[in-house]
Each structure stands twice: as C-alpha cells, then as structure tokens.
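Trainee:
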Amino acid sequence: QKEVEQDPGPLSVPEGAIVSLNCTYSNSAFQYFMWYRQYSRKGPELLMYTYSSGNKEDGRFTAQVDKSSKYISLFIRDSQPSDSATYLCAMSAGTALIFGKGTTLSVSS
Amino acid sequence: GAVVSQHPSRVICKSGTSVKIECRSLDFQATTMFWYRQFPKQSLMLMATSNEGSKATYEQGVEKDKFLINHASLTLSTLTVTSAHPEDSSFYICSARDVGQGIGEQYFGPGTRLTVT
Chain L
67 QKEVEQDPGP
77 LSVPEGAIVS
87 LNCTYSNSAF
97 QYFMWYRQYS
107 RKGPELLMYT
117 YSSGNKEDGR
127 FTAQVDKSSK
137 YISLFIRDSQ
147 PSDSATYLCA
157 MSAGTALIFG
167 KGTTLSVSS
Chain F
99 GAVVSQHPSR
109 VICKSGTSVK
119 IECRSLDFQA
129 TTMFWYRQFP
139 KQSLMLMATS
149 NEGSKATYEQ
159 GVEKDKFLIN
169 HASLTLSTLT
179 VTSAHPEDSS
189 FYICSARDVG
199 QGIGEQYFGP
209 GTRLTVT
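Chains L and F supply the protein sequences, listed in that same order.
Mapping to my numbering: the first sequence position 20 is 86, numbers consecutive.
Mapping to my numbering: the second sequence position 2 is 100, numbers consecutive.
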C-alpha cells in the first residue's frame with residue numbers, strides 16, 4: 067500500500083459546480099497536510115496548509131482533515147475554468163513531503 | 099509573495115553530457131532547498147534536501163555521484179546531472195523554504211524539463 071493514495075481522475079465538472087478532491091494515507095505519523103495546484107508544465111503552488119483535524123477555509127477553498135480516518139479533502143466552491151489544473155495532496159511527519167499522484171480537474175464554461 | 103526561479107526552463111542534451119540546473123529564491127533567504135523529479139502523470143518524488151553550506155541529504159535510491167547538488171548561498175542551489183542518459187529525462191522541480199517556516203511552506207520553482215537524446 068502506498069503511503070498516500072489519490073485518485074488521478076480526470077474529473078470534469080461544469081462551471082459553478084462544487085468539487086471534492088480526496089486523499090487517503092496510511093502513515094499515522096503524518097501531522098502536516100497540504101494541497102497544491104499545478105498547472106501544466108509549471109511548478110506546484112501551495113493552496114492550503116493545515117496541521118490539525120477539522121476544516122480550514124480560504125475563499126472558495128476548504129481543506130478538511132480527518133486524522134481518525136486518515137482522510138483529507140479539498141472542496142472548491144463555485145468552480146471556475148481557471149481552476150482547471152492538477153491538484154496534489156501532500157503530507158509530512160515533519161521532514162520530507164510525500165505527494166499523492168495528483169487529480170486532474172477540468173472545469174468547463 | 100515568495101518567488102523561486104529555475105534556469106533553464108527546458109534543456110535538451112546528448113547522452114553522456116552533464117547538465118546544470120539553477121534554483122534561486124528571489125525575495126527570501128532559503129536555508130533549505132529541495133529537489134524533486136516528476137515523471138508524466140506521476141507524483142513529485144523527493145530526490146534530495148540541501149541546507150546552505152552543508153552537504154545534501156539524498157533519498158534512498160538517488161545516486162549522489164550522478165545528481166550533484168550544491169547549495170553555496172542562501173539564494174542559490176544547483177543540481178548537476180552528470181553523464182546524463184535518456185532515462186534521466188524528466189521534469190526537475192526545486193523548492194525552497196525560509197528559516198522558521200513550516201515543512202509545508204515550501205515555494206516551488208517553475209521546473210526544468212530535461213530531455214536526453
């Protein structure tokens with residue numbers, strides 16, 4: 067079993083939809099949870115960073131962490147075509163980041 | 099915001115030659131820099147971690163004699179792929195972190211696409 071599992075998609079939604087992206091993990095030592103957005107042929111951009119269970123909101127983005135289930139989610143409200151990208155979850159026990167494979171999202175206008 | 103640049107953005111080289119990739123933090127001092135490799139439709143894989151002024155720490159399976167990393171200043175780290183082969187063709191991405199920032203607060207460069215012919 068890989069340390070971090072993420073469905074690669076692709077995920078296609080119409081503009082305005084609510085998007086749910088998820089990752090599961092197996093290492094209970096992970097304490098830090100991140101979501102990155104990566105456009106084609108570009109480096110990842112940090113979207114959300116949390117280190118506790120619960121929800122964290124930033125604009126249209128909400129990150130959710132459930133440590134008991136070893137499950138994290140990223141919700142995007144009112145999705146826009148500019149949200150079309152690959153979304154990577156990443157986790158850490160304090161040193162290296164372990165990334166998921168990324169989910170490719172396409173938002174159509 | 100924190101900006102990290104990489105140069106070159108794209109490089110094509112012949113098998114057996116060496117290629118140097120630069121990673122610079124433009125508006126902060128990067129005490130720690132990370133080098134990742136990403137194959138198509140795969141996740142980022144950490145290759146090595148470098149702290150300014152000290153030797154890089156390589157991940158298991160990464161040949162330190164093949165991927166030479168130098169972090170000589172607080173704003174510059176270089177990755178040299180020595181005697182490159184076609185299987186080294188990949189997208190190489192660096193990230194940088196300032197002192198006091200958490201593990202997740204890494205700022206990534208735009209990446210360098212290496213093609214070895």
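Heads up, the beta-carbon is just placed ideally off N, CA and C, and yes, glycines get one too.
Specify the secondary structure class of L:E111 as computed by DSSP and reduced to three states.
Mentor: L:E111 falls in the strand class under three-state DSSP.
Trainee: My output table needs one value for L:P80: the three-state DSSP class, helix, strand or coil.
Mentor: Here L:P80 sits in strand by DSSP.
Trainee: Which bits of chain L does F:P208 rub up against, with CB to CB less than 9 Å?
Mentor: Here the neighbours are R107, K108 and G109.
Trainee: Return the bridge partner residues of F:R135 from the DSSP annotation.
Mentor: Paired residue(s): F:M143 and F:Y190.
Trainee: When the cut-off is 7 Å and only beta carbons count, does F:I167 lie next to chain L?
Mentor: For F:I167, the answer is no, since every Cβ of chain L falls outside 7 Å of its Cβ.
Trainee: Distance, Cα to Cα, F:Y156 vs F:M131?
Mentor: C-alpha separation (whole angstroms): 12 Å.
Trainee: With distance defined between alpha-carbon atoms, name the residue in F:K118, F:Q136, F:R122 and F:A146 nearest to L:P110.
Mentor: Minimum Cα distance to L:P110 is reached at F:Q136.
Trainee: So that I know if they touch, is there some Cβ in chain F lying closer than 7 Å to that of L:A151?
Mentor: So no, L:A151 is outside the interface.
Trainee: Thinking C-alpha only, which one of L:S92, L:L140 and L:L171 is nearest L:M11?
Mentor: Any property of residue 11 of chain L remains undetermined from this structure, which presents chain L solely from 67 to 175.
Trainee: Among F:G198, F:E203 and F:S193, which has the Cα closest to the Cα of F:I119?
Mentor: Measuring from the Cα of F:I119, the nearest candidate turns out to be F:S193.
Trainee: Run the CB neighbour count on L:Y40, radius 10 Å, all protein chains shown included, and call it buried at 16 or more, exposed below.
Mentor: Nothing in the structure corresponds to residue 40 of chain L, since chain L is present only between 67 and 175.
Trainee: Is there a Cβ from chain L that is less than 7 Å from the Cβ of F:I110?
Mentor: Chain L, which has no Cβ nearer than 7 Å to the Cβ of F:I110, makes this no.
Trainee: Let me make sure I understand the geometry here. Which of F:P208, F:W133, F:C111 and F:F206 has the alpha-carbon closest to that of F:E185?
Mentor: Of F:P208, F:W133, F:C111 and F:F206, the residue nearest in Cα terms is F:C111.
Trainee: What in chain F is Cβ-close to L:F165, meaning under 7 Å?
Mentor: Residues of chain F passing the Cβ test: S141 and L142.
Trainee: Taking the alpha-carbon positions, what's the L:D124 to F:T210 distance?
Mentor: Between L:D124 and F:T210, the C-alpha separation is close to 30 Å.
Trainee: Name, please, each residue of chain F whose Cβ falls closer than 9 Å to the Cβ of L:A176.
Mentor: Lying before the first or after the last residue shown, residue 176 of chain L is absent from chain L, which here runs from 67 to 175.
Trainee: Under 8 Å by Cβ, that's how I've got F:A146 and F:F165 pegged, so tell me the actual separation to the nearest angstrom.
Mentor: Sure, about 7 Å apart at Cβ, within 8 Å.
Trainee: If we ignore side chains and look at the alpha-carbon of each, how far apart do L:G75 and F:V117 end up?
Mentor: Going from the Cα of L:G75 to the Cα of F:V117 covers about 34 Å.
Trainee: Could you work out which residue in F:S141, F:A100, F:A182 and F:V214 is closest to L:E71 when comparing CA atoms only?
Mentor: Checked all of F:S141, F:A100, F:A182 and F:V214; the closest Cα to L:E71 is F:S141.
Trainee: Determine the DSSP secondary structure at F:E120, reduced to helix, strand or coil.
Mentor: Strand, per DSSP.
Trainee: Does the CB of F:I191 have a neighbour CB from chain L at under 7 Å?
Mentor: True, the Cβ-Cβ gap to chain L drops below 7 Å.
Trainee: Helix, strand or coil: how does DSSP classify L:S175 here?
Mentor: DSSP places L:S175 in coil when its eight states are reduced to three.
Trainee: Since L:S145 contacts L:V131 with CB under 8 Å, what's their CB separation in whole angstroms?
Mentor: No, L:S145 and L:V131 are not in contact; Cβ-Cβ is about 21 Å, not under 8 Å.
Trainee: Assign L:L171 to buried or exposed, taking buried as 16 or more other Cβ atoms, counted over all protein chains shown, within 10 Å of its Cβ.
Mentor: Per the 10 Å Cβ criterion, buried.
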